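Encoded as structure tokens, the structure appears first; notes follow it.
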Amino acid sequence: MPVPTTRAYNELDEFERHVHSLTEGPPPSDPDNNQTWDYSPHACNLRFESATRGAGAAPARCAYRFTTVPALCNFAGNLHGGCAATMVDCLTSVLILALSSPGRFATAGTTRNLHLTYIRPVPVGTEMRIICEMVNMGQRMALVKAELCRVEDGKVCVVADHEKVNLDGASM
2 MPVPTTRAYN
12 ELDEFERHVH
22 SLTEGPPPSD
32 PDNNQTWDYS
42 PHACNLRFES
52 ATRGAGAAPA
62 RCAYRFTTVP
72 ALCNFAGNLH
82 GGCAATMVDC
92 LTSVLILALS
102 SPGRFATAGT
112 TRNLHLTYIR
122 PVPVGTEMRI
132 ICEMVNMGQR
142 MALVKAELCR
152 VEDGKVCVVA
162 DHEKVNLDGA
172 SM
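For the sequence shown, position 59 matches number 60 in the numbering used here, and the numbering has no gaps at all.
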């Protein structure tokens, strides 16, 4: 079942459809078990909102909405920090994949540093928006920033920087 959108699918441009398709993530590593480590986009009602490729001084961006459900929360009933980090990791990687080309982040790269600052709690039931914005994407390194904001008032709850290194073609 595809991740829903906040607009009709036929209203999305080509780049937005590409980003939307990448949001589903890869197939499970064990098809018989049908499980991967993820934040369950369907359980939290993740919805694709928009994406722009970026041009000139305008950066590439993508935006999503989700509802904070109990499965994403800590014992206090707020969004768990590790869950927020997983969502940021996955959704900023989608933006990198959408902008990739052969030999340049074609596999989304590997996280070099993921830094989150938690500004205010996100209680269960809160409708949130995640905005991912490309800061820089070179041949070897990429930096994407993300913000998790409450939909009701736009207040920022979490900010993040995600640095990735391109390992396309690297031998381990």
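We treat Cβ as the ideally placed atom computed from N, Cα and C, and that holds for glycine.
These figures come from a predicted structure and were not determined experimentally.
On the three-state DSSP scale, how would you describe Leu-168? coil
Sequence-distant residues of the same chain with beta carbon closer than 7 Å to Ala-86, five excluded per side: Taking C-beta separations shorter than 7 Å and ignoring five residues to either side along the sequence, the partners of Ala-86 in its chain run Leu-115 and Leu-117, following chain order.
Based on the DSSP output, what are the partners of Lys-146 in its beta bridges? Glu-134 and Asp-162
Count the other CB atoms within 10 Å of the CB of Ile-120; is the residue buried (16 or more) or exposed (fewer)? Counting the other Cβ atoms within 10 Å of the Cβ of Ile-120 gives fewer than 16, which makes it exposed.
Bridge-paired residues (DSSP) for Thr-112: Lys-165
Please classify Phe-16: does DSSP put it in a helix, a strand, or coil? helix
Hey, could you find the ends of the beta strand (DSSP E) Ser-51 is sitting in? 48-53
Look up Glu-128 in the DSSP assignment and give the residues it is bridged to. In the DSSP secondary-structure assignment, Glu-128 is bridged to Thr-68.
Rounded C-alpha distance that separates Phe-76 from Leu-149: 20 Å
Out of Thr-53, Leu-47 and Asn-137, which has the shortest C-alpha to C-alpha gap to Glu-15? Considering only alpha carbons, the answer is Thr-53.
Within 10 angstroms of the Cβ of Pro-124, are there 16 or more other Cβ atoms? Answer buried if so, exposed if not. Exposed is the call here.
DSSP state of Asn-11 mapped onto helix, strand, coil: helix
If contacts are defined as beta-carbon pairs under 8 Å, then Val-95 and Thr-7 qualify, I think. What distance do you get, rounded to the angstrom? Wrong, their Cβ atoms sit about 16 Å apart, outside the cutoff.
Nearest to Leu-144 by CA position, among Cys-133, Arg-151, Glu-153 and Asp-154, is which residue? Cys-133
Just checking: is the beta-carbon of Val-145 within a distance shorter than 8 Å of some beta-carbon in chain B? Annotation note: the requested chain B is absent from the structure, which comprises a single protein chain.
May I ask you to list the residues that DSSP assigns as paired with Ser-102? Arg-105
Is the beta carbon of Met-142 sitting closer than 8 Å to the one on Leu-100? no
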